[in-house]
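Chains as they are written, first to last, in my numbering: chain P, 2 to 160; chain G, 4 to 292.
The block underneath contains the structure these notes are about, expressed in structure tokens.
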Ligand SMILES: Cc1cc2nc3c(=O)[nH]c(=O)nc-3n(C[C@H](O)[C@H](O)[C@H](O)COP(=O)(O)OP(=O)(O)OC[C@H]3O[C@@H](n4cnc5c(N)ncnc54)[C@H](O)[C@@H]3O)c2cc1C
Ligand code: FES
Ligand code: FES
């Protein structure tokens, strides 16, 4: 039996009827049509499906859409404002924080979570907090540098 | 991966959730953070016909100080436990343990009640539940009852909570001045679950003698257990390096160590001894301030 579900994704209200077993990531990609959120492992370990829900980073492959009634969701598509990249996105650009780009949307939203809780993280803190996001290409070094770049630029922007 | 189809329920109170549980019986599963249940449903290791989501039940999340006993609602997330000022001050081992569960996204969603009700043999919090002496408050149709940590873990993914009950809160007793605790684990490289984890709490008197020791081991066997031999080797002793070393040798006794892809029985038993020693050393350091 389908159930109605309503949530806000990147500022827009979405409301659909879905099967309870529909995973949030499939809802976002296939029903809403935002394909920036990726499915890497499908076993909750890689973080490619990371989104922000009510202000915290979560793995959208490990939620049912029906659990997210009234949730406020931000996907990678919702991060840039008025055609301007978010500083974290800019950091990945500046520091070559991606190669194939598959992990990148999840990495960027995980980075958002890190900087929200620790605006000037140490390298060690960044690495520890990225434990739930896997990258098969970069070896992580440039991802760490990208997040450091973003931290510095977000701090300057606040001043 | 699609789980098998199910009906979804969102009761608005514990009473309503209990009446659903009573009516639907074995066909129903409670859903808290879903970070153990949903992965199992995706792999179809679990195929409940009904899922009862507790998210709308008020009063199940939060941390409060009840005259020295810290009361943690079952639906409190690992992140809330990790970042709680009250727990950080009164019983930091609990926050430390929550802080090494999985990764930040898992900790944002998974709950302490879900973890302790699920009782994964490789879960972290069970070791600390034993060491810190958690009490588990379960609510059923007939009211509430309290279960001690030593009676909670029954076997592989099996606990004292009844099929017709809900774990509503966890009570963490106050520890005397001069106490310290630590939880340390050897994490699985991909999942971060504990291949072996050890939690130790010690209380030292003014002269440095250990008046109370409490040690829990997780990961190695089918369930978390109390390392009684280790505790006996510490209690009444001055905890110098040699005493800790000798006591920690007993860490795998009473653990039904399981060989698996992570290691042989010998290897995991060795990890029990090494991590018990390290956890005790860290606990003693904290007890001394
Ligand atoms: C990628 C990944 C890595 C992880 N790494 C770790 C790790 O390193 N260490 C670790 O300890 N855990 C780890 N976990 C597990 C995580 O901690 C889970 O959140 C936790 O085990 C279950 O909590 P939950 O709230 O998600 O419960 P759910 O998945 O919702 O429920 C789990 C089980 O408990 C039952 N249940 C839930 N709440 C109650 C209640 N109040 N009363 C009675 N029964 C209840 C449910 O019916 C279900 O059977 C990991 C999970 C993932 C996805
Ligand atoms: S697809 Fe969700 S964690 Fe990998
Ligand atoms: S850039 Fe390819 S997986 Fe990270």
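From the three backbone atoms N, C-alpha and C, an ideal C-beta is built for every residue, glycine too.
Around residue 249 (chain G), the same chain offers 236 as residues with beta carbons nearer than 7 Å, after the five sequence neighbours per side are excluded.
Within chain G, the residues 106, 107 have their CB atoms less than 9 Å from the CB of residue 130 (chain P), given in chain order. Contact of residue 106 (chain P) with chain G is not assigned, every C-beta pair being separated by 8 Å or more. In the same chain as residue 121 (chain G), and ignoring 5 residues on each side of it, the C-beta atoms closer than 6 Å to its own belong to 39, in chain order. Here the C-alpha atom of residue 272 (chain G) lies approximately 26 Å from the C-alpha atom of residue 106 (chain G). Beta-bridge partners assigned by DSSP to residue 219 (chain G): G:202, G:229. At least 8 Å separates the CB of residue 137 (chain P) from every CB of chain G. The continuous alpha helix (DSSP H) containing residue 270 (chain G) extends over residues 268-290.
When the alpha-carbon of residue 14 (chain G) is set against those of G:49, G:62, G:46, G:239, the nearest one is in G:62. Proximity of chain G to residue 44 (chain P) at the Cβ level (cut-off 7 Å) is accounted for by 42, in chain order. One alpha carbon belongs to residue 106 (chain P), the other to residue 108 (chain G), and they sit about 14 Å apart. At a threshold of 7 Å, residue 44 (chain G) does not count as near ligand 1, since its beta carbon sits no closer than that to any of the ligand's heavy atoms. Around the Cβ of residue 156 (chain P), a 10 Å sphere holds fewer than 16 other Cβ atoms; the residue is exposed.
Here residue 110 (chain P) really is in contact with residue 52 (chain P); their C-beta atoms are around 6 Å apart, less than 8 Å. Nearest neighbour of residue 77 (chain G) by Cα position, chosen from G:65, G:88, G:71, G:70, turns out to be G:65.
Only residues of its own chain outside the window of five on either side were considered, and among them 124, 223, 224, 225, 268, 271 have a CB closer than 8 Å to the CB of residue 261 (chain G), listed in chain order. Per DSSP, residue 86 (chain G) lies in no beta strand (DSSP E) segment and is marked neither H nor E.
By alpha-carbon distance to residue 160 (chain G), the top candidate from G:174, G:129, G:177, G:187 is G:129. About 18 Å separates the Cβ atoms of residue 56 (chain P) and residue 151 (chain P), ruling out a contact at the 8 Å cut-off. The count of Cβ pairs closer than 8 Å, one atom from the segment 16-28 of chain G and one from the segment 132-139 of chain P, stays below three, leaving the stretches out of contact. Residue-level contact check: residue 119 (chain P) does not touch chain G, since none of the beta carbons of chain G fall below 8 Å from its beta carbon. Per DSSP, residue 7 (chain G) is not a residue of any beta strand (DSSP E), being assigned neither H nor E.
At least one CB atom of chain P sits nearer than 8 Å to the CB of residue 56 (chain G). With three or more CB-CB distances shorter than 8 Å, the segment 165-180 of chain G counts as touching the segment 128-146 of chain G. Straight-line measurement puts the Cα of residue 99 (chain G) at about 14 Å from the Cα of residue 197 (chain G). Listed in chain order, the alpha helix (DSSP H) elements of length 4 or more contained wholly in the segment 152-176 of chain G are 152-155. Using a Cβ-Cβ cut-off of 8 Å, residue 196 (chain G) is close to nothing in chain P; its nearest Cβ partner there is about 11 Å away.
DSSP, reduced to helix, strand and coil, places residue 78 (chain G) outside both helices and strands of the structure shown, so it counts as coil.
For residue 68 (chain G), the secondary structure class from DSSP, reduced to helix, strand or coil, is strand.
Here residue 79 (chain P) is buried: its Cβ has 16 or more other Cβ atoms, across all protein chains shown, within 10 Å. Between ligand 2 and residue 111 (chain P), a heavy atom-to-CB distance of less than 7 Å is absent. Residue 16 (chain P) is classed as exposed because its beta carbon has fewer than 16 other beta carbons within 10 Å across all chains shown.
Comparing alpha-carbon positions, the option among P:41, P:37, P:46 lying closest to residue 81 (chain P) turns out to be P:37. For residue 96 (chain P), the three-state secondary structure derived from DSSP is coil.
For the options G:257, G:155, G:214, G:203, the alpha carbon positioned closest to that of residue 283 (chain G) is the one of G:203. Contact of residue 222 (chain G) with chain P is not assigned, every C-beta pair being separated by 8 Å or more.
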